[in-house]
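Each residue of the sequence shown is one higher than the one before, counting from 1 in our numbering.
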Amino acid sequence: MQLPDRSISSTLIQAISTGEFDPECDETALFFDLDWLDERLSSLKSAFPSGTNHAIAIKANPLLGVLKRIVSRGFGLEAATLPELHLAVSAGCEPKKIVFDSPAKTSRDIEYALDLGCHINCDSIEELDRVDRIIRANGNNGGATFGLRLNPQVGAGSIASTSVADQYSKFAVPVGIGTERIVQLFTNYEWLTGIHCHIGSQGCSLEMLVEGAQVISKLVFDIEESTNRKLIHIDIGGGLPAQYKSSNSTASFSDYANALEVNVANLLTNGRRLITEFGRHVHTNAGWMVSRVEYVKSATSPKTAIIHVGADMFLRECYRPDDWYHDIIALDSYGSEKDHSSGDVYNIAGPLCFAGDIVGYDRKLPRLVEGDLLVIKDAGAYTFSMWSRYNSRQFPKIFGYYKTDTGTVFEQLRKKESIPEVIDFWS
1 MQLPDRSISS TLIQAISTGE FDPECDETAL FFDLDWLDER LSSLKSAFPS GTNHAIAIKA
61 NPLLGVLKRI VSRGFGLEAA TLPELHLAVS AGCEPKKIVF DSPAKTSRDI EYALDLGCHI
121 NCDSIEELDR VDRIIRANGN NGGATFGLRL NPQVGAGSIA STSVADQYSK FAVPVGIGTE
181 RIVQLFTNYE WLTGIHCHIG SQGCSLEMLV EGAQVISKLV FDIEESTNRK LIHIDIGGGL
241 PAQYKSSNST ASFSDYANAL EVNVANLLTN GRRLITEFGR HVHTNAGWMV SRVEYVKSAT
301 SPKTAIIHVG ADMFLRECYR PDDWYHDIIA LDSYGSEKDH SSGDVYNIAG PLCFAGDIVG
361 YDRKLPRLVE GDLLVIKDAG AYTFSMWSRY NSRQFPKIFG YYKTDTGTVF EQLRKKESIP
421 EVIDFWS
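Below, the structure written as structure tokens:
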């Protein structure tokens, strides 16, 4: 579910009128609705069994202020790198609620995670061997718990680059190696107490997610029957798509949880510790990017609106426009909605020096003029966390905001990067 255009306009009017955001100085900024985040987290918690560790994916939105808010509401965090592990710790997350996933864990990474006492999902047979050597050398597992990531091989979704459960995937141990070999891994490594699977991100249907869980459910039964021990940690990953088009609808957390209850109830009960790793579905719709129109080029066909954000923030959207799309709305220089009675077709182009730096093609918008503001909706996940250094653009200011009885409160979650900081980066 997307933020209403009118709500975005109202918030921007307040930000400009109070001086929080000055389009002449800042040119572009991202706004993140913290009330919306709270509501989405609440819907996640209520959909699944109590006691589920919802480890929200740091990679989707690594802002420390946002991570702290998530943790303060009782949620865990999922980390995919050593720095993300440190972000989880800095956010105050309990180690037992931190999930560490990575296909490239170094021995140093593993030792830190063991000392921390978090949950570690091993990505390969080779990683299992490495972890076992470290545990034996240390004499204990440091309080950490372990799962094995399996690829259920249920096929690719509609976006190949975000699908990780096809016959080949760089991630996980494929179930195609056979149940006997997988059971043997759990026999060999008694410290292995869980299973992890993740189907993909945007482009994977609810049916695919459930099918992956069904494959894992059958393996859990086979492993427990063969080893005569119970698997405690069942990590079903994330992957629930987010809504990027007003004309589309997506499944909710409740839809997913209900489908799991019908098809794989044994994974949700029997004293197991269920883990999820949602990111995109939590954050996407809470964020929106605003950028000033610097020029409207009338000599091109269609006309071209030049703004101050592009493939530096929206990498996937610019490099893979057939797969990724954002609704864009036009506001005037004060943040008010523009008159829709007259309009034109525009390409929305960023500031970078390559031809593919187009955020939106052939968009029908109200007539644009220099100084107008364009809002790129649904930008709360996998945008600024994928920031590109190309052309040495300054990382933009990011605001969080929430409503009170007296109005909207703005918090600066990230300051605009200064030119000296850009120079320091390259020094």
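Don't be surprised by glycine CBs; every beta carbon is placed ideally from N, CA and C.
Mind checking which residues open and close the alpha helix (DSSP H) that includes residue i?
{"i": "Trp288", "result": "Careful: Trp288 lies outside any alpha helix (DSSP H), inside the beta strand (DSSP E) at Gly287 to Arg292."}
{"i": "Ala349", "result": "It is not in any alpha helix (DSSP H) - Ala349 instead sits in the beta strand (DSSP E) that spans Gly343 to Ala349."}
{"i": "Gly212", "result": "Leu206 to Thr227"}
{"i": "Lys68", "result": "Leu64 to Ser72"}
{"i": "Asn429", "result": "Any property of residue 429 remains undetermined from this structure, which presents the chain solely from 1 to 427."}
{"i": "Glu78", "result": "Counting along the chain, Glu78 falls outside any alpha helix (DSSP H), though it belongs to the beta strand (DSSP E) covering Gly76 to Ala79."}
{"i": "Arg6", "result": "Asp5 to Ser17"}
{"i": "Val164", "result": "Careful: Val164 lies outside any alpha helix (DSSP H) and carries neither H nor E."}
{"i": "Phe425", "result": "Ile419 to Phe425"}
{"i": "Val309", "result": "Neither: Val309 is in no alpha helix (DSSP H) and is coded neither H nor E."}
{"i": "Pro321", "result": "Looking at the DSSP string, Pro321 is not in any alpha helix (DSSP H), and its letter there is neither H nor E."}
{"i": "Leu260", "result": "Phe253 to Asn263"}
{"i": "Arg280", "result": "Arg280 to His283"}
Grab me the residues of residue i's own chain with a C-beta within less than 7 Å of its C-beta, minus the 5 sequence neighbours each way, in chain order.
{"i": "Ser226", "result": "Val183"}
{"i": "Lys68", "result": "Ala91 and Gly92"}
{"i": "His233", "result": "His119, Thr145, Gly147, Thr193, Gly194, Arg273 and Ile275"}
{"i": "Trp36", "result": "Leu3, Asn285 and Ala286"}
{"i": "Gly222", "result": "The sequence given here places Asp at residue 222; Gly does not occur at that position. Excluding positions up to five away in sequence, the list reads Thr179 and Val183."}
May I ask you to report which of helix, strand or coil DSSP gives residue i?
{"i": "Leu41", "result": "helix"}
{"i": "Arg149", "result": "strand"}
{"i": "Gly176", "result": "helix"}
{"i": "Lys297", "result": "strand"}
{"i": "Ala156", "result": "coil"}
{"i": "Asp235", "result": "strand"}
{"i": "Val183", "result": "helix"}
{"i": "Pro366", "result": "strand"}
{"i": "Ile110", "result": "helix"}
{"i": "Phe384", "result": "helix"}
{"i": "Leu82", "result": "helix"}
{"i": "Asp378", "result": "coil"}
{"i": "Ala29", "result": "strand"}
{"i": "Leu352", "result": "coil"}
{"i": "Leu373", "result": "strand"}
{"i": "Tyr361", "result": "strand"}
{"i": "Glu24", "result": "helix"}
Check whether the Cβ of residue i lies closer than 8 Å to any Cβ atom in chain B.
{"i": "Val345", "result": "Of the protein chains in this structure there is only one, and it is not chain B."}
In the DSSP assignment, find the unbroken beta strand (DSSP E) run with residue i in it and report its ends.
{"i": "Glu411", "result": "Gly407 to Arg414"}
{"i": "Asn53", "result": "Asn53 to Ala57"}
{"i": "Asn121", "result": "His119 to Cys122"}
{"i": "Phe100", "result": "Ile98 to Asp101"}
{"i": "Tyr401", "result": "Lys397 to Thr404"}
{"i": "Ala305", "result": "Lys303 to Ile306"}
{"i": "His196", "result": "Leu192 to His196"}
{"i": "Ala330", "result": "Ile328 to Leu331"}
{"i": "Ile275", "result": "Arg273 to Thr276"}
Measuring CB to CB, does residue i end up less than 8 Å from residue j?
{"i": "Gly350", "j": "Gly310", "result": "yes"}
{"i": "Pro174", "j": "Gly203", "result": "no"}
{"i": "Phe314", "j": "Val359", "result": "yes"}
{"i": "Leu373", "j": "Leu3", "result": "no"}
{"i": "Ala213", "j": "Leu148", "result": "no"}
{"i": "Lys245", "j": "Tyr325", "result": "yes"}
{"i": "Ala381", "j": "Arg292", "result": "no"}
{"i": "Gly408", "j": "Gln14", "result": "The sequence shown places Thr at residue 408, not Gly. For Thr408 and Gln14, yes; Cβs fall inside 8 Å."}
{"i": "Asp123", "j": "Ala172", "result": "yes"}
{"i": "Phe278", "j": "Ile120", "result": "no"}
{"i": "Asp339", "j": "Pro302", "result": "no"}
{"i": "Val210", "j": "Leu267", "result": "no"}
{"i": "Val369", "j": "Ile328", "result": "no"}
{"i": "His198", "j": "Val154", "result": "no"}
{"i": "Leu82", "j": "Asp115", "result": "no"}
{"i": "Gly335", "j": "Ser50", "result": "no"}
Quick one: what's got a C-beta closer than 6 Å to residue i's C-beta in the same chain, skipping five residues either side?
{"i": "Ala79", "result": "Ile58, Leu85, Ala88 and Phe100"}
{"i": "Trp323", "result": "Checking the displayed sequence, the identity of residue 323 turns out to be Asp instead of Trp. For Asp323, where only same-chain residues beyond five positions count, the Cβ hits under 6 Å are Ile159."}
{"i": "Thr52", "result": "Leu274"}
Which same chain residues, not among the five before or five after residue i, have their C-beta less than 8 Å away from its C-beta?
{"i": "Trp426", "result": "Ser392"}
{"i": "Ile134", "result": "Ser107, Ile110, Glu111 and Leu114"}
Within the chosen definition, does the segment 70-83 reach the segment 290-304 through at least 3 CB pairs nearer than 8 Å?
no
Should the segment 46-56 be regarded as contacting the segment 391-399, the criterion being three or more beta carbon pairs within less than 8 Å?
no
On the three-pair Cβ rule with 8 Å, is the segment 347-359 touching the segment 188-199?
no
Does the segment 405-425 come close enough to the segment 90-102 that 3 or more CB-CB pairs lie under 8 Å?
Contact fails: fewer than three Cβ-Cβ distances are below 8 Å.
Take every Cβ of the segment 18-35, pair it with every Cβ of the segment 247-254, and state whether three or more of those distances are shorter than 8 Å.
Below 8 Å, too few C-beta pairs join the segment 18-35 and the segment 247-254 to call them touching: fewer than three.
Can you find at least 3 beta carbon pairs, one from the segment 20-28 and one from the segment 340-350, that sit closer than 8 Å?
No, the segment 20-28 is not in contact with the segment 340-350.
Hey, is the segment 270-278 in contact with the segment 315-322, meaning 3+ C-beta pairs nearer than 8 Å?
no
Just checking, does the segment 133-147 make contact with the segment 206-221 on the three C-beta pairs under 8 Å criterion?
Output reads no: the segment 206-221 does not touch the segment 133-147.
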